[in-house]
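Residue numbers (our numbering): 310 to 1021. C-beta: ideal position from N, C-alpha, C; glycine also.
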């Protein structure tokens, strides 16, 4: 009947989950065999994320005449949500084509449909641009940028700041992430060079679909030669010079981000999982060998709620095991044995830690598959405050020629002695990179073997020795010193490790410090306190800037009771005298004071910044700013963040302690005769005055009583 048909349609509509559908896809490609007739084999790896049935929705096809015959293997399930078998999943499909013309071609297609999203994007459109011509620098066809994403990204509305994506190029090209459709995301800014999405405003709650294109550009002049021997010059990328901005390839990276309702707090490790060591850092490159088990350890902590799984985007034959530790820590062990068909692949692996209501930030790494394991010698790494040293034992790498080894930056040289290969670098030189790892910053570099670019063959084994040093973001080292010597150490990407000392001096010469064995410095009101702040850094051209100093009655710089001494770089207290000195020092004197009321101690906390001395746009160069609105956005490459240091307490002596002077022999008090006479006369006068007051008070009281009685 019509009624039954209507009920059937209603039930069918209700049973369809609007969240079911396409949630993203990514493509990478790499050349394979080059046959005698000039035919080039191209391998494509396509990952697709979805929700509901895990059947891929997108079908690839040739959109030009020169892509050969595209063959496709069956898609392999690489991830499925542990809680719901019909929920999140990801598949990977391997496709191959043989190209005879060795020229450009495009793979693409159209399909439907994206999961319902706030941008109302429905149609699936993915394109891949391939240039099969031979590069003069690598002597093979171009390889695409490497990227991927986990199936389900979710973040509370007020916690979304930056989404860092993977953008690695096997040929060493520069990768740019374009987002032609991001005009549909007015509150998102795409940093094309860093390949990151950055928030400009709050994103609407719901699912957001992002359709990015990754392009690679050569960093040096190369030629591209097709099968007919025709060569084309491709100049190095130079955006400022208006050079050829034609990419070598284009690959899609599409994904969805679910913006959740806002939460009270966005503290990693508490309200959301936080990765701990030895979890690989975002952008790490690891090496695996065909037929050898490769292990990746993921470790994360969440004290707010239990971690039940790790989302992983990886090859189909990766296995995963979970283990719970104490304090909300969960460890995932990923194991993968590359097959012969994986040889020479650059495989993206992305992951995140999951709780029922939150998710860690996504990290992605690249695993390079070789025929045999890469040599990695035995080394000792020394982590200093401002530099890293490595010593590699020569006996652990027999037959290795030191002359074919280099740091990540080849201009930084290695040395050697009879037993070791040695290298030393500052934290911000020699292409040392920095990554965040929970409460730590990790500085990384590596020793690699290199080859002669003009030679087709090599007789040197491949060497890769990665090393790193881990530093806490903020570490107080006051336990190494006396109480009054306030020393702090900080670590930042552009300035390495640096520190500040905040000391008290006996006079304006600033040559002798106050006895640091005292718990507090006792001062009289109006005494001059001499204090000095000094920056400690291995960098040669830096300067110190004291942006503010405030006094509080306790060691809380945010106390509701405070007194500004310096604010926005401007001295506010009239008694402050600033003394000239080195650009790394700030010396000043101030007359002692106390807070009104029952407060006898004063603490002084200052906010300080370290800047590159030559920078004319840094906060240091601006000096005193009376109008805070004139301040500009901080340039992290020219100055550090603002750090707070504190000194005290200063204890103000009570005034009655100074009514008499102690003698030098025995400490007895001496009062002069005249002083005693005047004191006696003062007491007699005082007693007489009191007696008169009492007499007149009684007399007035009696008269008042008589007046009141007469009134009735």
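In the DSSP annotation of this structure, residue 431 is not part of any beta strand (DSSP E), being labelled neither H nor E.
Residue 409 is bridged by DSSP to nothing; it lacks a bridge partner.
Assignment of residue 903 by DSSP, reduced to helix, strand and coil, places it in the coil class. In the pairwise beta carbon analysis, the region 594 to 601 is classified as not touching the region 630 to 641: fewer than three pairs are separated by under 8 Å. According to the DSSP secondary-structure assignment, residue 666 is paired through a beta bridge with no residue. Taking a contact as a CB-CB distance under 8 Å, the pair residue 836 and residue 822 does not count as one, their CB atoms being some 16 Å apart.
Around the C-beta of residue 908, fewer than 16 other C-beta atoms lie within 10 Å, and the residue is accordingly described as exposed. In this model, residue 517 and residue 427 are separated by some 6 Å (Cα to Cα). Under the Cβ criterion (8 Å, minimum of three pairs), the region 908 to 919 counts as touching the region 854 to 867. Around the Cβ of residue 370, a 10 Å sphere holds fewer than 16 other Cβ atoms; the residue is exposed.
Boundaries of the alpha helix (DSSP H) around residue 928: 928 to 931. Given a length threshold of 3 residues, each whole run of the beta strand (DSSP E) inside the region 462 to 531 is given here in chain order: 462 to 465, 471 to 473, 483 to 487, 497 to 500, 505 to 508 and 515 to 526.
With contact defined as three or more Cβ pairs closer than 8 Å, the region 468 to 484 and the region 566 to 579 are in contact. In this structure, the beta-carbon distance from residue 515 to residue 568 falls below 8 Å. In chain order, 501 and 524 place their CB closer than 6 Å to the CB of residue 485, counting only its own chain and leaving out the 5 sequence neighbours on each side.
Here the region 397 to 413 makes contact with the region 336 to 350; the two share three or more CB pairs at distances below 8 Å.
The region 472 to 489 makes no contact with the region 642 to 652, as fewer than three CB pairs between them are under 8 Å. One thing to note: residue 899 has its Cβ no nearer than 8 Å to the Cβ of residue 962. Residues of the same chain with a CB within less than 7 Å of the CB of residue 833, apart from the 5 flanking positions on each side, are 901 and 962 in chain order. Taking the C-beta atoms as reference points, residue 367 is found no nearer than 8 Å to residue 453. Distance from the Cα of residue 537 is smallest, within the candidate group 933, 411 and 464, for 411. Using a 10 angstroms sphere on the CB of residue 867, the tally of other CB atoms stays under 16, which defines it as exposed. For residue 929, same chain residues with a beta-carbon under 6 Å away, outside a window of 5 residues either side, are 852, 854 and 920 in chain order. By the C-beta criterion, the region 736 to 744 is judged to be in contact with the region 687 to 702, since at least 3 inter-stretch pairs fall below 8 Å. Taking 4 residues as the shortest admissible run, the region 566 to 597 contains no complete alpha helix (DSSP H) segment at all.
Residue pairing by DSSP places residue 732 opposite 699 in a beta bridge.
Here residue 373 has 414 and 415 as same chain residues with Cβ atoms under 6 Å from its own Cβ, once five neighbours each way along the sequence are excluded. About 5 Å separates the Cβ atoms of residue 520 and residue 563, confirming a contact at the 8 Å cut-off.
Closest option to residue 667, judged by alpha-carbon separation, among 585, 614 and 750: 614. Between the alpha carbons of residue 705 and residue 772 lies a gap of roughly 12 Å. Residues of the same chain with a CB within less than 7 Å of the CB of residue 958, apart from the 5 flanking positions on each side, are 829, 910, 911 and 912 in chain order.
Residue range 330 to 343 is occupied by the beta strand (DSSP E) that includes residue 336.
For residue 681, the three-state secondary structure derived from DSSP is coil.
In the structure shown, residue 650 falls within a helical segment according to DSSP collapsed to helix, strand and coil. For residue 691, the uninterrupted beta strand (DSSP E) segment begins and ends at 688 to 692. DSSP links residue 855 through a beta bridge to 917.
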